[in-house]
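Colleague: Starting off with a structure, shown below.
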Amino acid sequence: MNNKKVTGFDYLWLALYAVAGFCFELLLVFIEQAIGIDINNCITLQMIIHWIITIIAWVLIGLFIIKIGKKTTNFDIWQETQKKMKLWQIVAISLCFVINIAVKYIDWNGFKVIQEFQARGTLLFIFQYMYYIAEGFLISLIIVYGQKACETWFKKENIPYGGIILGLTWGLGHILSKGSITIGLLSSVAGILFGAVYLLVNR
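So the sequence shown is residues 11 to 213, counted in the numbering used here.
So, in structure tokens, the structure goes:
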């Protein structure tokens, strides 16, 4: 790393790189459409291939962002916290999960996991949740670097800045990707909750 002073923008750019990483799937869908594959109406093998390509790309993009972050800010994202969670933190985390599940239940008119398993079947369900894990990887990077950016600027560590940035980017992005304002707003709420959980588990 060079000797320049690390600013909030150095961290913010890393968070935005992770946001941009999601655009890979949009590019992939565009290519698929160009060769005659409709992602909303494709066979099982095509769907699995789509997810595998997206998973590999997102993981590689995420690892590359981490490498850039270590070089430009000297911040080690893999560092482990030495703090233990207190009872109130565990209760607060549980409440965040309950709220998130409730929001998903309202959005899906039922439990999302159960409905996806029934709709997809075992094989597609497994690959879909591998896809969700890769998505969660990029989501985590947005939260972590977004949090560091705002803490560098505002010098406060008890506000879920990373979750707010996630809600304003990944969350509201669902308005375009899903074509629904409601889904976008609900995803924004989920993003803020994810950011709160990140702080509650002591990072």
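Note that CB positions come from ideal geometry on N, CA and C, so glycine has one too. Fair warning: this is a prediction, and the values are worked out from it, not measured in the lab.
Note down, in chain order, each residue of its chain lying with its Cβ closer than 7 Å to the Cβ of Val207, except the 5 sequence neighbours on either side.
Modeller: As a first step, residue 207 must be located in the sequence shown, where it is residue number 197. Cβ within range, chain order: Ile103, Cys106.
Colleague: Going by DSSP, what residue range makes up the alpha helix (DSSP H) through Arg130?
Modeller: Position 120 of the sequence shown, counting from 1, holds the residue named residue 130. Start and end: 122–130.
Colleague: If I follow the unbroken alpha helix (DSSP H) through Leu186, where does it start and stop?
Modeller: Numbered from its first residue, the sequence shown carries residue 186 at position 176. First-last of the alpha helix (DSSP H) with Leu186: 182–188.
Colleague: What three-state label does DSSP hand Lys15 in the structure shown?
Modeller: Numbered from 1 along the sequence shown, position 5 holds the residue referred to as residue 15. Coil, per DSSP.
Colleague: Quick one: Cα of Pro170 to Cα of Cys160, how far?
Modeller: As a first step, residue 170 must be located in the sequence shown, where it is residue number 160. As a first step, residue 160 must be located in the sequence shown, where it is residue number 150. Cα-Cα distance, rounded: 9 Å.
Colleague: Pick helix, strand or coil for Phe85, following the three-state DSSP scheme.
Modeller: If you number the sequence shown from 1, residue 85 lands on position 75. Residue state, collapsed to three classes: coil.
Colleague: Check this for me: beta carbons of Gln138 and Trp68, under 8 Å apart or not?
Modeller: Within the sequence shown, the letter at position 128 stands for residue 138. Within the sequence shown, the letter at position 58 stands for residue 68. It is not a contact, given that the beta carbons lie outside the stated cut-off.
Colleague: I want to know whether the region 67–86 touches the region 24–32 - three or more CB-CB distances under 8 Å.
Modeller: Touching, yes.
Colleague: Should Met57 go down as buried or exposed, given a rule of 16 or more other Cβ atoms within 10 Å for buried?
Modeller: In the sequence shown, residue 57 corresponds to position 47, counting from 1. When all chains shown are included, Met57 counts as buried.
Colleague: Give a yes or no on whether the C-beta atoms belonging to Ile153 and Leu176 are separated by under 8 Å.
Modeller: Here residue 153 is taken as the residue at index 143 of the sequence shown, counted from 1. Here residue 176 is taken as the residue at index 166 of the sequence shown, counted from 1. Yes.
Colleague: Just the C-alpha distance for Gly120 and Lys114, rounded to the nearest angstrom, thanks.
Modeller: As a working note, residue 120 is residue 110 in the sequence shown. As a working note, residue 114 is residue 104 in the sequence shown. So the alpha carbons of these two residues sit roughly 8 Å apart.
Colleague: Give me, in chain order, the residues of the same chain whose beta-carbon lies closer than 7 Å to that of Ile87; leave out the 5 immediate sequence neighbours on both sides.
Modeller: Position 77 of the sequence shown, counted from the first residue, corresponds to residue 87. Ile76, Gly79, Val154, listed in sequence order.
Colleague: When the Cα atoms are used, what is the spatial distance from Lys14 to Trp118?
Modeller: By 1-based counting over the sequence shown, the position of residue 14 is 4. By 1-based counting over the sequence shown, the position of residue 118 is 108. Each residue's alpha carbon lies about 48 Å from the other.
Colleague: Considering only the beta carbon of each residue, do Leu210 and Gln89 sit closer than 8 Å?
Modeller: The sequence position of residue 210 within the sequence shown is 200, counting from 1. The sequence position of residue 89 within the sequence shown is 79, counting from 1. Result no, Cβ atoms of Leu210 and Gln89 do not sit closer than 8 Å.
Colleague: Measure from the alpha carbon of Ile149 to the alpha carbon of each residue in Leu133, Gly173, Phe164, then state which is nearest.
Modeller: Within the sequence shown, numbered from 1, the residue matching residue 149 stands at position 139. When each option's Cα is compared against that of Ile149, the closest is Gly173.
Colleague: Does Leu210 come out as helix, strand or coil in the three-state DSSP assignment?
Modeller: Along the sequence shown, one-based indexing puts residue 210 at 200. Leu210 falls in the helix class under three-state DSSP.
Colleague: Near Glu35, what residues of its chain come up, given a Cβ to Cβ distance below 6 Å and the 5 sequence neighbours on each side ignored?
Modeller: The residue given as residue 35 occupies position 25 in the sequence shown. These residues qualify, in order along the chain: Thr64.
Colleague: Can you give me the C-alpha to C-alpha distance between Leu178 and Lys165, rounded to a whole angstrom?
Modeller: Translated into the one-based positions of the sequence shown, residue 178 becomes position 168. Translated into the one-based positions of the sequence shown, residue 165 becomes position 155. Approximately 21 Å between the Cα atoms of the pair.
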